[in-house]
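The numbering of the sequence shown is my numbering, which starts it at 1 and goes up by one.
Yeah, the Cβ is synthetic: ideal placement off N, Cα and C, and Gly gets one too.
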Amino acid sequence: MITPPFVKPGATIGIVSTARKISKQELLPALELLDSWGLKAILGHTIGAEDHQFAGDDGLRTKDFQAMLDNPNIEAIWCARGGYGTVRMLDKLDFTNFKQNPKWIAGYSDITVLHSHVHSFGIETLHAQMPLEIEKRSEASRESLRKGLFGELPHLSTPSIHEFNRIGKATAPLVGGNLSVLYSLCGSPSSLDTRGKILFIEDLDEYLYHIDRMLQNLKRNGMIHDLAGLIVGGFTKMHDNSIPFGKSAEAIINELVAPFDYPVCYGFPAGHVEDNRALIFGRKVNLEVSDTSVNLRF
């Protein structure tokens with residue numbers, strides 16, 4: 001895997017919205033944060049643009065992100081927010097220059113589209129909180145983003161308290177993202193090859209039966225059998241029907257992976273949660289799940 005150059009004080013970060021609309025006012029806390037880190041920001045034309053739910057139409061969002069990819073003065077791209085819409089521009093993008101001059105792409109949720117697609121180029125990306133939610137996330141979350149951008153490789157440790165955690169060790173590349181998006185990419189050129197890798201999944205605002213449906217799809221696509229390990233982040237604001245599904249999201253996952261013997265941890269601090277730690281996708285990591293702690297070393 002190729003590691004893009006880490007940023008240094010004085011570097012310029014491009015902020016662009018590939019999905020849902022966002023105003024410049026909503027970005028002010030993120031701009032203040034970048035300034036406190038000694039970084040500059042360039043806002044894309046999608047910031048403040050509107051096309052119903054989207055940050056401008058597909059053409060504008062494509063052109064804006066392409067400009068960020070190709071601008072040699074922009075050293076990292078920080079996606080402003082998620083929602084939906086990134087996939088609508090994906091096939092219109094030209095990654096030729098980016099492959100020759102890679103830079104960090106940071107974000108999560110709908111940005112899983114980019115994480116998954118760029119992974120096929122052999123380039124690392126940063127799964128991390130986005131500008132929209134700076135004030136809603138923990139200080140540790142913000143600090144992990146800073147460390148990820150500046151190359152201060154994190155060591156993430158959390159107590160091993162979940163009843164479904166499965167003890168074990170694995171060393172393998174880390175991949176993944178939002179379950180709904182990974183599910184939507186199955187069968188496309190952007191779908192992940194998870195064989196021999198540690199998969200991270202998280203999700204928000206889904207019905208439990210649909211969590212099961214998506215996981216069954218991943219399993220049938222060969223994305224669960226040959227994992228080196230599984231990290232389960234936040235499964236937040238799950239919904240149920242009037243006739244209950246009968247299992248939590250974590251119980252659904254536990255049942256799915258029961259036939260396999262790789263390490264699994266639940267409740268990892270990443271995803272749509274207050275403590276959303278940065279993860280380097282594509283990086284070969286060490287995962288250790290013990291009866292007392294979960295450790296992830298980059």
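Local conformation of residue i per DSSP, three classes
| i | result |
| --- | --- |
| residue 124 | coil |
| residue 297 | strand |
| residue 228 | coil |
| residue 279 | strand |
| residue 237 | coil |
| residue 62 | helix |
| residue 12 | strand |
| residue 247 | coil |
Residue nearest to residue i in terms of C-alpha spacing, selected from the options
| i | options | result |
| --- | --- | --- |
| residue 280 | 93, 99, 123, 34 | 123 |
| residue 276 | 116, 140, 250, 171 | 140 |
| residue 274 | 138, 83, 8 | 138 |
| residue 128 | 161, 146, 71 | 146 |
| residue 181 | 168, 271, 80 | 271 |
| residue 187 | 174, 222, 244, 160 | 222 |
| residue 260 | 206, 108, 167, 60 | 167 |
| residue 155 | 20, 16, 1, 284 | 284 |
| residue 132 | 27, 257, 244 | 27 |
| residue 304 | 18, 218, 130 | Lying before the first or after the last residue shown, residue 304 is absent from the chain, which here runs from 1 to 298. |
| residue 33 | 15, 21, 219, 110 | 15 |
| residue 53 | 77, 1, 22, 130 | 22 |
Beta-carbon contacts of residue i that lie in its chain and below 6 Å, excluding the five residues immediately before and after
| i | result |
| --- | --- |
| residue 69 | 98 |
| residue 254 | 164 |
| residue 191 | 185 |
| residue 212 | 252 |
Contacting residues, own chain, Cβ-Cβ under 8 Å from residue i (five flanking each side not counted)
| i | result |
| --- | --- |
| residue 24 | 43, 47, 48 |
| residue 10 | 38, 39, 40 |
| residue 75 | 5, 7, 11, 12, 13, 103, 104 |
Own chain residues within Cβ distance below 7 Å of residue i, not counting five before or after
| i | result |
| --- | --- |
| residue 151 | 6 |
| residue 73 | 12 |
| residue 29 | 134, 135 |
| residue 117 | 90, 190 |
| residue 286 | 171, 297 |
Give, in chain order, every unbroken run of the alpha helix (DSSP H) that is at least 4 residues long and sits entirely within the stretch 140-215. The qualifying runs are 179-185.
Would you check if there are 3 or more beta carbon pairs closer than 8 Å linking the stretch 47-61 to the stretch 99-108? Verdict: no, contact absent.
Q | Contained alpha helix (DSSP H) runs [length at least 4] in the stretch 61-105, N- to C-terminal order | A | Qualifying alpha helix (DSSP H) stretches, in chain order: 87-90, 96-100.
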